[in-house]
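Some notes on the structure that comes next.
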Amino acid sequence: MCFSLQQLTPVQQDALKEVFNIGSGQAATTLAEVLGLKVMVSVPLIGIKPVDEALGALAKPGIPVLSLVNIFAGDVSGATVWLMPGDKAKDFAQQCWQHMPQARKSPEFNFGQIHREISEIMNSAYLNAMEDMLNLMTVPSTPLMLSGVMKNILGKILAERTESGLVAYVQNKFSFGEKEHGFSG
């Protein structure tokens, strides 16, 4: 059965956006508390589209990114995907490392571990908020780190996770730190 956002009533669309808005707000709040940085999040954009259309709406061609993918299963299944432009990923990780409590215990900077921890924090907060609101249960995977061209990475993830040919997605943009020294992903 094919669904589109247009088949949802305006009240249903608003309710869906509000659930995701609360989830993303909880993720931003949790991350801000962990890092001691200002974290802002955009209003979520939601869509239900065929894979090719979703890929066209979400992916910018030719942009190299660092990606962390968390698969989740349970009452509802899917994946959360964290994307950050490749040229900013290392600087972002270094700034986060300076603010993370465990960084004080370890003299070595671990790029991959920092991005995995950030991904787990955001994913857990987002899913917990949605689980609480909708009385659902999910079990997330350990984050998988990928790097490459954004369109290729998203295409691979969507191809592997899509059974019906349609993709339901929520898109948020998170901004970290002050504007002049900020990062987004």
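Using full-length UniProt numbering, you'd call the opening residue of the sequence shown number 1 and step up by one each time. For each residue, glycine too, the CB sits at the ideal point set by N, CA and C.
G112 sits in a helix when the DSSP states are folded into three classes. One Cα belongs to V43, the other to N110, and the distance between them is close to 31 Å.
Distance check between L136 and each of A15, A73, A93 places A73 closest, using alpha-carbon atoms only. Here M84 is bridged, per DSSP, to L66. For S24, the enclosing alpha helix (DSSP H) stretches over residues 10 to 35.
Annotation: the continuous beta strand (DSSP E) that includes A168 extends over 166 to 171. If you look at G177, you'll find it isn't in any alpha helix (DSSP H); DSSP assigns it neither H nor E.
According to the DSSP assignment, L58 belongs to the alpha helix (DSSP H) that extends over 51 to 58. In this structure, the alpha-carbon of P64 lies about 10 Å from that of N152. I114 places its beta carbon 7 Å or farther from that of L31.
For M150, the enclosing alpha helix (DSSP H) covers residues 150 to 161. By the Cβ test, the stretch 19 to 36 is in contact with the stretch 124 to 135, since at least three Cβ pairs between them sit closer than 8 Å. Contact annotation, K49 with L166: C-beta distance approximately 7 Å; criterion of less than 8 Å satisfied.
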